[in-house]
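Worksheet for the structure shown next.
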Amino acid sequence: MEDRTQQEQASPAVQKRVRDSFDQQGLMSHLGARLAHIGPGHVRIVLPARPEVSQQHGYVHAGATSAIADSAGGYAALTLFDGDFEVLTVEYKINLLAPAAGDHLEAVGTVLKPGRTLTVCQLEVHGVQADGGRKLVASGQQTLIRVNRPAS
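Shown next, in the form of structure tokens:
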């Protein structure tokens, strides 16, 4: 059963800010990734498995797997800050636990420790089969820094 925080929705204003930012990411668009859930301190990103994101053995490439994990954590942190701030990744560590196989990948970013300057997130990526079967393919941790939103 999913934790209640994984089902809770962020406010409409926060969801809009996250979606607007996500839509500006060329890499996520290029990969074909989409936001699946935006909750307070919790974001899920889905990436369909396609030849364009595969490596030579047919699995989803580690670079694509890592990219959606990084973005899921970053947006999870962003949900906890007001509109005057954005986040940048300071560092992340990811362990690739199994070949990234399935109908699609689902990256889950969860804030472990929010801070005024640094925020730490847990990252997980699951391979999801068409029948709903799930397998953890990557796990990691990330540190983000809160920065002032640039003047427009």
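With numbering that gives the first Met the number 0, the residue at position 142 of the sequence shown is 141, and numbering never jumps.
Backbone N, C-alpha and C define an ideal beta-carbon position, used for all residues, glycine too.
Every value quoted in this text rests on a predicted model; they were computed, and no experiment measured them.
Residue ranges of each alpha helix (DSSP H) within the segment 37-84, 4 or longer
61-77, all fully within the segment 37-84.
(message) Would residue 146 and residue 86 be called neighbours here (beta carbons separated by less than 9 Å)?
(response) Yes. Within cutoff.
Start-to-end residues for the alpha helix (DSSP H) that takes in residue 115: It is not in any alpha helix (DSSP H) - residue 115 carries neither H nor E in the DSSP assignment.
Bridge partners - residue 29, DSSP secondary structure assignment:
For residue 29, which the question treats as bridged, DSSP gives no partner whatsoever.
- Task: Could you tell me which of 28, 39, 7, 14 sits nearest to residue 51, measuring between CA atoms?
- Result: Of the listed residues, the one whose Cα sits closest to residue 51 is 28.
Inset, instruction - Would you identify the three-state DSSP class for residue 10, choosing helix, strand or coil? - result: Here residue 10 sits in coil by DSSP.
Exercise for the section: Please work out which residues of its chain come closer than 7 Å, Cβ to Cβ, to residue 116, disregarding the five sequence neighbours upstream and downstream, and give them in chain order. Expected result: Taking C-beta separations shorter than 7 Å and ignoring five residues to either side along the sequence, the partners of residue 116 in its chain run 144, 145, following chain order.
Taking all protein chains shown into account, decide if residue 0 is buried (16 or more other Cβ within 10 angstroms of its Cβ) or exposed. Since pLDDT at residue 0 reaches only 36, below the 50 mark, its modelled position is unreliable, and no value is offered.
What does DSSP give as the partner residue(s) for residue 145 in the beta ladder?
Looking at the DSSP assignment, residue 145 forms a beta bridge with 86.
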